[in-house]
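*Asks:*
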Amino acid sequence: MKSAIVVGAGLAGLTCARRLVELDWQVLVLEASDAPGGRVRTDRVDNFQLDRGFQVLLTAYPAARRWLDYGALQLRFFPAGAEVVTEGGWQRVADPRREFGSILRSLTADIGTMRDKLRVLQWAWESRTSKGELDESLPEQSSEAALRAKGFSDHMIERFWRPWLAGIFLESKLATSSRMLEFVFAQFARGGTALPQGGMQLIPAQLATGLPSESLRLNHPVVAASAHRVTLENGDTQEADAVIVAVEPGAASRLGLPEPDLTWRESRCLYFADAEPATTDGMLRLNGRGDGVVNHFVTLSKVNPSVAPAGQHLMMVGIRPGLSGSTSELETAARKQLMLWFGKQVEGWRLLRDDHIERALPDRLPLRHVSPRPTDKGIWQTGDYLADASIQGAMTSGERVAEALAKQGNL
Ligand SMILES: Cc1cc2nc3c(=O)[nH]c(=O)nc-3n(C[C@H](O)[C@H](O)[C@H](O)COP(=O)(O)OP(=O)(O)OC[C@H]3O[C@@H](n4cnc5c(N)ncnc54)[C@H](O)[C@@H]3O)c2cc1C
128 MKSAIVVGAG
138 LAGLTCARRL
148 VELDWQVLVL
158 EASDAPGGRV
168 RTDRVDNFQL
178 DRGFQVLLTA
188 YPAARRWLDY
198 GALQLRFFPA
208 GAEVVTEGGW
218 QRVADPRREF
228 GSILRSLTAD
238 IGTMRDKLRV
248 LQWAWESRTS
258 KGELDESLPE
268 QSSEAALRAK
278 GFSDHMIERF
288 WRPWLAGIFL
298 ESKLATSSRM
308 LEFVFAQFAR
318 GGTALPQGGM
328 QLIPAQLATG
338 LPSESLRLNH
348 PVVAASAHRV
358 TLENGDTQEA
368 DAVIVAVEPG
378 AASRLGLPEP
388 DLTWRESRCL
398 YFADAEPATT
408 DGMLRLNGRG
418 DGVVNHFVTL
428 SKVNPSVAPA
438 GQHLMMVGIR
448 PGLSGSTSEL
458 ETAARKQLML
468 WFGKQVEGWR
478 LLRDDHIERA
488 LPDRLPLRHV
498 SPRPTDKGIW
508 QTGDYLADAS
518 IQGAMTSGER
528 VAEALAKQGN
538 L
């Protein structure tokens, strides 16, 4: 039986390890932190369940469907569509494929022209036949250029696409690759948007549970790696037929791997608690006015009541990408803006946490999946930064590296 050491228990490392086990390899996963998950973690704060940065599972992700047991995750779904705040008040953008009753209201909402709305429908229809993977054969341009090429009006881009995509791409310029735009849109068109009842961390936890016992070691940072050996911070060494480095790019370069050419998108959100929910549903609220500090908002406890203790609600405020400021500056500005949206009750909200993740999403242009192969030093690498910055990208990267390694190992 061949053996492999996987350094890092994020989604890429865990999926790689699971696939190797399936291919009859013996694996040892060494993780620096105290739990698996990497950038997908959940904490308990004052009996609230807070994901580290607002993230969601798009249930159409093919890799997630292959590896995760959605039933056991007890998924809680966001209502389809969004409410957009505009100068003229709230406008509903419903998903007509799921909410037939709202088609008329959505088509007449002051978000875009009738043509814009029909284009969304047409795009959604076309996306239903996509494989759901990043399509590298598509020509590449910025997302904004792609939206314009599809014929969307300025009105629709500013009021809906910019804030909606800013919450996903973590940038407001819509400079992200149009391949990512097509990929993300297809996921929304083909499936639901969900949270595991116990928090996003249940995703890596479930992947880890499927590994043979004793094959995942937490609190085991690796300080050096070569083709067949790793050295741990405590001085121990481990040897195997192959070493796969599944850490984020900065950590990979500290292990001597080449520094990839990419930029990072940061994420910032404020979590607030109150006895009263801001909204009666868990629908996403978007800032279609382009002002203030708030980009998007959701009453998370209306999607998943388990995120808050009895009698309490959890509100997530997504800060507009590119803004900086101290916690108190952002909190003050966000409260002022949200009072216009939800009224005086915002004054009484209690700030639970300011989640500022500087290295949230790696961004590369051109965007393509790097073919799995060992480095000059014979080390394998996996991670979202070698694929696309998503749960799907990380998991697919892990799978593909495992398969390429097993194929090479069997030659
Ligand atoms: C705020 C935020 C919001 C997001 N929103 C979404 C979303 O809504 N939907 C979506 O699909 N994706 C989203 N993503 C992206 C998604 O979470 C990532 O693409 C994915 O989790 C990356 O997984 P990874 O395994 O490649 O890397 P990581 O998660 O970074 O894993 C790397 C692992 O390596 C470990 N490590 C580092 N150094 C060492 C060492 N020396 N020794 C041992 N272990 C080490 C780390 O502790 C970590 O566990 C979001 C990400 C963030 C941060």
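According to the numbering used here, the sequence shown is numbered sequentially starting from 128. Built from N, CA and C at the ideal position, the CB exists for glycine as well. Fair warning: this is a prediction, and the values are worked out from it, not measured in the lab.
(1) Run through the stretch 156 to 192 for me and flag every whole beta strand (DSSP E) of 3 or more residues, listed as ranges in chain order.
(2) D388: which of S455, S451, P376 sits nearest, CA to CA?
(3) From the DSSP output, in three-state form, read off T523 for me.
(4) Could you tell me whether any non-hydrogen atom of ligand 1 is closer than 7 Å to the CB of Q365?
(5) When we look at the beta-carbon of S305 and count the other beta-carbons within 10 Å, is it buried (16 or more) or exposed?
(6) List in chain order: all unbroken alpha helix (DSSP H) runs of 4+ residues lying wholly within the stretch 347 to 427.
(7) When the Cβ atoms of the stretch 390 to 404 are set against those of the stretch 474 to 493, are three or more pairs found closer than 8 Å?
(8) Considering just the uninterrupted stretch of the beta strand (DSSP E) at A210, what are its terminal residues?
(9) Starting from E119, trace the beta strand (DSSP E) both ways and give me its first and last residue.
(10) I think V370 touches A352, with their Cβ atoms under 8 Å apart; what is that distance to the nearest whole Å?
(11) Under 8 Å between the Cβ atoms of R299 and R447?
(12) Should the stretch 168 to 175 be regarded as contacting the stretch 405 to 420, the criterion being three or more beta carbon pairs within less than 8 Å?
(13) In chain order, what residues of the same chain have a beta carbon less than 7 Å from the beta carbon of A187, not counting five sequence neighbours either side?
(14) Using CA atoms only, rank isn't needed, just tell me which of K534, Q439, V349 is closest to V156.
(15) At a cut-off of 7 Å, would you count I484 as near ligand 1, judging by its Cβ distance to the nearest heavy atom?
(16) Cβ of G165 within 8 Å of Cβ of A209?
(17) Please identify the residue among A251, V220, S254 whose C-alpha is closest to the C-alpha of I238.
(18) List the residues that DSSP assigns as beta-bridge partners of V154.
(19) Taking buried to mean at least 16 other C-beta atoms within 10 Å of its own C-beta, is L141 buried or exposed?
(20) Closer than 7 Å: is that where the CB of S403 sits relative to any heavy atom of ligand 1?
(21) Looking only at its chain, what residues have a beta carbon closer than 8 Å to the beta carbon of L231, apart from the 5 residues adjacent to it on each side?
(22) To the nearest whole angstrom, what separates the beta carbons of Q182 and V372, a pair I think is in contact under 8 Å?
(23) Which two residues bound the contiguous beta strand (DSSP E) that contains G278?
(24) Are the CB atoms of L338 and R192 within a distance shorter than 8 Å?
(25) Where do the ends of the alpha helix (DSSP H) carrying M307 lie?
(26) Q182: beta carbon under 7 Å from a heavy atom of ligand 1?
(27) Where do the ends of the beta strand (DSSP E) carrying I446 lie?
(28) Is S394 close to chain C? Criterion is C-beta to C-beta, closer than 8 Å.
(29) Using the rule of at least 16 other Cβ atoms within 10 Å of the residue's Cβ for burial, across every protein chain shown, is E526 buried or exposed?
(30) Once you ignore the five residues that flank S428 on each side, which residues in its own chain have a CB closer than 7 Å to its CB?
(31) Could you pull out every residue in the same chain whose Cβ sits closer than 8 Å to the Cβ of L457, ignoring the five residues on either side in sequence?
(32) When you compare each of C143, P206, A162, L382 to V430 by their alpha carbons, which one comes out closest?
(33) Using a Cβ-based criterion (distance less than 7 Å to any ligand heavy atom), does V172 qualify as near ligand 1?
(34) Run the proximity test for E386: is its beta-carbon closer than 7 Å to any non-hydrogen atom belonging to ligand 3?
(35) Leaving out the 5 sequence neighbours to the left and right, which residues in its chain are closer than 6 Å to F227 when beta-carbon positions are compared?
*Replies:* On the basis of the coordinates in this document:
(1) Whole beta strand (DSSP E) segments, 3+ residues: 169 to 172, 175 to 178.
(2) The sequence position of residue 388 within the sequence shown is 261, counting from 1. Relative to D388, the option among S455, S451, P376 whose CA is nearest is P376.
(3) The residue labelled residue 523 in the question sits at position 396 within the sequence shown. Residue state, collapsed to three classes: helix.
(4) Translated into positions along the sequence shown, residue 365 becomes position 238. It does not: the Cβ of Q365 is nowhere closer than 7 Å to a heavy atom of ligand 1.
(5) Taking the first residue of the sequence shown as 1, we reach residue 305 at position 178. By the neighbour-count rule (16 or more Cβ atoms within 10 Å), S305 is buried.
(6) Counting only runs of at least 4 residues, the stretch 347 to 427 fully encloses the following alpha helix (DSSP H) elements, listed from N- to C-terminal order: 376 to 381.
(7) Contact holds: three or more Cβ-Cβ distances are below 8 Å.
(8) Position 83 of the sequence shown, counted from the first residue, corresponds to residue 210. The sequence given here has Glu at residue 210, not Ala. Note, E210: beta strand (DSSP E), 209 to 213.
(9) Given a span of 128 to 538 for the chain in the structure shown, any question on residue 119 remains unanswerable.
(10) As a position in the sequence shown, residue 370 is number 243, starting the count at 1. As a position in the sequence shown, residue 352 is number 225, starting the count at 1. Contact flag correct, Cβ pair sits at about 5 Å.
(11) For the purposes of this step, residue 299 is taken as residue 172 along the sequence shown, with counting starting at 1. For the purposes of this step, residue 447 is taken as residue 320 along the sequence shown, with counting starting at 1. First, the amino acid is wrong: residue 299 is Ser here, not Arg. The Cβ atoms of S299 and R447 lie closer than 8 Å to each other.
(12) Touching, no, given that fewer than three Cβ pairs across the two stretches are closer than 8 Å.
(13) On the sequence shown, residue 187 is found 60 positions in, with the first residue counted as 1. Answer for A187: G259, Q314, R317, G318, listed in chain order.
(14) Position 29 of the sequence shown, counting from 1, holds the residue named residue 156. Selected option, being the one with the closest Cα: V349.
(15) On the sequence shown, position 357 is the one that residue 484 refers to. Flag set: Cβ of I484 near ligand 1.
(16) Reading the sequence shown from its first residue, position 38 is the one you call residue 165. Reading the sequence shown from its first residue, position 82 is the one you call residue 209. No, the Cβ-Cβ distance between G165 and A209 is not below 8 Å.
(17) Position 111 of the sequence shown, counted from the first residue, corresponds to residue 238. Answer by Cα proximity: V220.
(18) Within the sequence shown, numbered from 1, the residue matching residue 154 stands at position 27. BP columns for V154 point to A131.
(19) Against the sequence shown, residue 141 aligns to sequence position 14. L141 comes out buried.
(20) Indexing the sequence shown from 1 puts residue 403 at position 276. In the sequence as presented, Ser is not what sits at residue 403; that position holds Glu. Checking the Cβ of E403 against ligand 1 gives no.
(21) One-based indexing of the sequence shown puts residue 231 at position 104. Any reading at L231 needs caution, since the residue's pLDDT is 44, under 50, leaving its predicted position unreliable; the model's value is listed next. Scanning its chain for C-beta atoms nearer than 8 Å, with the 5 sequence neighbours on each side dropped, one finds no residue around L231.
(22) Along the sequence shown, one-based indexing puts residue 182 at 55. Along the sequence shown, one-based indexing puts residue 372 at 245. Not quite, the Cβ-Cβ distance comes to about 23 Å (not below 8 Å), so this is no contact.
(23) Counted from its first residue, the sequence shown places residue 278 at position 151. Here G278 belongs to no beta strand (DSSP E), and DSSP marks it neither H nor E.
(24) Taking the sequence shown and counting its residues from 1, one reaches residue 192 at position 65. Taking the sequence shown and counting its residues from 1, one reaches residue 338 at position 211. It is not a contact, given that the beta carbons lie outside the stated cut-off.
(25) For the purposes of this step, residue 307 is taken as residue 180 along the sequence shown, with counting starting at 1. Start and end: 305 to 317.
(26) The sequence position of residue 182 within the sequence shown is 55, counting from 1. With a cutoff of 7 Å, Q182 counts as near ligand 1, since its C-beta is closer than that to a heavy atom of the ligand.
(27) If you number the sequence shown from 1, residue 446 lands on position 319. DSSP places I446 inside the beta strand (DSSP E), whose first and last residues are 440 to 446.
(28) In the structure shown, chain C does not exist; there is a single protein chain.
(29) As a working mapping, residue 526 is identified with position 399 in the sequence shown. The residue in question, E526, is buried, as its Cβ has 16 or more Cβ neighbours within 10 Å.
(30) Taking the first residue of the sequence shown as position 1, residue 428 is located at position 301. For S428, where only same-chain residues beyond five positions count, the Cβ hits under 7 Å are P404, V434, A435, H440, L441.
(31) Sequence index remark: in the sequence shown, residue 457 carries index 330 (1-based). Taken in chain order, the residues that qualify are R395, L397, V420, I446, L450, D481.
(32) Along the sequence shown, one-based indexing puts residue 430 at 303. With distances taken between Cα atoms, V430 lies closest to P206.
(33) The count along the sequence shown starts at 1 and reaches residue 172 at position 45. No.
(34) Judged by which ligands are present, ligand 3 is missing from the structure shown, whose ligands are ligand 1.
(35) Numbered from its first residue, the sequence shown carries residue 227 at position 100. Because F227 sits at a pLDDT of 43, beneath the cut-off of 50, its placement in the model cannot be relied upon, and the following sentence gives the value as read from the coordinates. Once the five neighbours on either side are set aside, F227 has no close Cβ partner at all.
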